[in-house]
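Numbering-wise, UniProt numbering puts 348 at position 348 of the sequence shown, and it's gapless, one number per residue.
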Amino acid sequence: MGDLKPIKVKANVEEVLMEKYEEGGGEPLSPMARMFHEPDSNIYIITMIGFKTQINPQVFKANLPHTLLSTLVSLVMDENSRGLKWVPTTVDLDSHVIVPKLEPNNIHTPDKIVEDYVSNLSKSTIKMSIPMWDLHLLNLKTSYAESTAVFRIHHSLGDGTSLMSLLLASTRKVSDPQTLPTLPMMKKANSSTKSSGGFLGNYFINYDTETPLRGGLGNGATTSRRFVHRMVSLDDVKLVKNVMDITINDVMLGVTQAGLSRYLNRKYGESKIDKGASERNNNLPKNIRLRATFFMNIRPSPGIQELADMMKKNSLARWGNHIGYLLFPFTIALRDDPLDYLREAKATMDRKKASLEASYSYFMAKYFLKFCGLKIATFPSQTTLWFSNVPGPQEEVSYCGHPVAYVAPSCYGQPNGLMIHVVSYVNKMSIILSADESIIPDPHQLCDDLEESLNLIKTAVTVKEG
């Protein structure tokens, strides 16, 4: 487990920030970063990284200054007259790296112990007097890994694309320890000049139907979350993609639409006497409005870039939060043909891609921040869930000599009861749920429904192909 060579970037973040601090008080937070500090969207990214070996904490600490700390060296200072600023500081690793003693017992399985530990993190925040991140090293064997590292970071420091880039720039291929991992290339969506005026109506007026997946207005931001994940075969997802001639994103949206429909049908039938019969019947109310706030990377170059490329303009703004979002409507219904879920998801996403909605939401946030203030420029709480799809490395990687088994990012602090992440890694696809326990007490059941929906879709595709 040798030392990892330092990451070469075209500008050292701490030096850039120090120069700006000396010139006028630090680097201002971007509009999106400022929104992530609002009370109803004080959001943290929490990433579980499973390893195939036990973690050596000393090796991790020794390599942090050359990897993660090359970027995460700044704290947020609230200067009332000038707003929030990034200010460089010295990092005390002992304040950021936690190694708890977790022992298996007769009451809970190791999986449940780790799940509870991560859930408890969602009940706390990181004080602004230090850089807003920490790393928890859990040496407890679970179903998916020999050990787990839990990386928690405030969302104002970066979006999923930049943070995945940071993590992967800190890893190397297992097959070639001197080489950075590669990621699947994503095509840039073709945008038209179609009006996004209807987006304002959806944003300010329309609220989703209250269902078992959605509580009252503004729910989910302050309660504890339960993080659960399920790994499925990426080859199965690719089989569906190729036969249907759609994207992996379309497949996962179709699977999500099918899984949510399956879950809600069961929930609406629970009050019936014959539960077995009720699950086979259609118990869904008509005209359910259920939408996802779907986050998209709007950088000019699509996909995940190397950390060095993100930093070349000497600013955290380029590396940090450069995301927009669109409101994606799911059709909640039971279909005789499971492939209809895919056709509907693709048709909806094609319409969304043809608009400027994601870019429009980003620039609208900047406009409202400038002219209306943070009370107006907030993330939508009218939707039922948040959804994010981040591609991961195509080959097995390691961090400081520790082979990675899986990567499972999620969030807490968002104003919705549910968030779904889908992340690929080698030949697996992880589906990660962040569920408000007061709204969704059975997130494992929802995972089951998503997995079963993929199986049904794969079976239908196999029949279609044969």
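For glycine and all other residues, C-beta sits at the position ideal for the given N, C-alpha and C.
None of these values were measured; they are calculated from a predicted model.
Secondary structure of residue i, DSSP reduced to three states
i, result
"N242", "helix"
"F294", "strand"
"H444", "helix"
"S453", "helix"
"A333", "coil"
"I248", "helix"
"F60", "helix"
"Y207", "coil"
"R34", "helix"
"G24", "Because G24 sits at a pLDDT of 45, beneath the cut-off of 50, its placement in the model cannot be relied upon, and the following sentence gives the value as read from the coordinates. Helix at G24."
"R225", "strand"
"A405", "strand"
"residue 468", "Look at the range of the chain in this structure, 1 to 466, and you will see that residue 468 is not part of it."
"V461", "helix"
"G466", "coil"
"K428", "strand"
Alpha-carbon spacing of residue i relative to residue j, whole angstroms
i, j, result
"N427", "M77", "42 Å"
"R172", "R152", "21 Å"
"T331", "L433", "20 Å"
"L290", "F387", "12 Å"
"N249", "G160", "16 Å"
"N42", "L213", "21 Å"
"P338", "N120", "37 Å"
"N455", "V87", "49 Å"
"D134", "K464", "48 Å"
"Y44", "L138", "19 Å"
"F60", "A460", "46 Å"
"P57", "L102", "14 Å"
"V150", "E396", "19 Å"
"Q178", "T293", "39 Å"
"I440", "P100", "28 Å"
"S398", "D176", "10 Å"
"H96", "A62", "13 Å"
"V390", "P65", "26 Å"
"T148", "K286", "43 Å"
"K20", "L446", "Here K20 scores only 44 on pLDDT, less than 50, and its place in the model should not be relied on; the value that follows carries that caveat. The alpha-carbon atoms of K20 and L446 are separated by roughly 47 Å."
"S424", "I431", "9 Å"
"T253", "F295", "Checking the sequence, you will find Leu at residue 253 rather than Thr. Going from the Cα of L253 to the Cα of F295 covers about 13 Å."
"G417", "C411", "11 Å"
"T125", "S162", "21 Å"
"T142", "N206", "43 Å"
"P403", "S122", "27 Å"
C-beta atoms of residue i and residue j nearer than 8 Å
i, j, result
"A345", "Q414", "no"
"T67", "A408", "no"
"G158", "L166", "yes"
"M244", "L385", "no"
"R226", "P443", "yes"
"G228", "V237", "Just to set this straight, residue 228 is Val in the shown sequence, not Gly. No, the pair does not count as a contact, with Cβ atoms beyond the cut-off."
"A145", "Y406", "yes"
"T223", "D436", "yes"
"T211", "I323", "no"
"K353", "F328", "no"
"G259", "S453", "yes"
"T182", "Q382", "no"
Residue i beta carbon near the ligand NAP (any heavy atom closer than 7 Å)
i, result
"S143", "The model depicted lacks the ligand NAP and carries no ligand whatsoever."
Any beta strand (DSSP E) of 3 or more consecutive residues that is wholly inside the UniProt domain "O-acyltransferase WSD1-like N-terminal" (85-198): 133-138 and 147-154
Inter-stretch contact (C-beta, 8 Å, three-pair minimum) for the region 125-134 and the region 48-62: Counting C-beta pairs with one atom in each stretch, the region 125-134 and the region 48-62 have fewer than three that are closer than 8 Å, which means they do not touch.
At least 3 beta-carbon pairs within less than 8 Å: the region 91-108 vs the region 31-44: no
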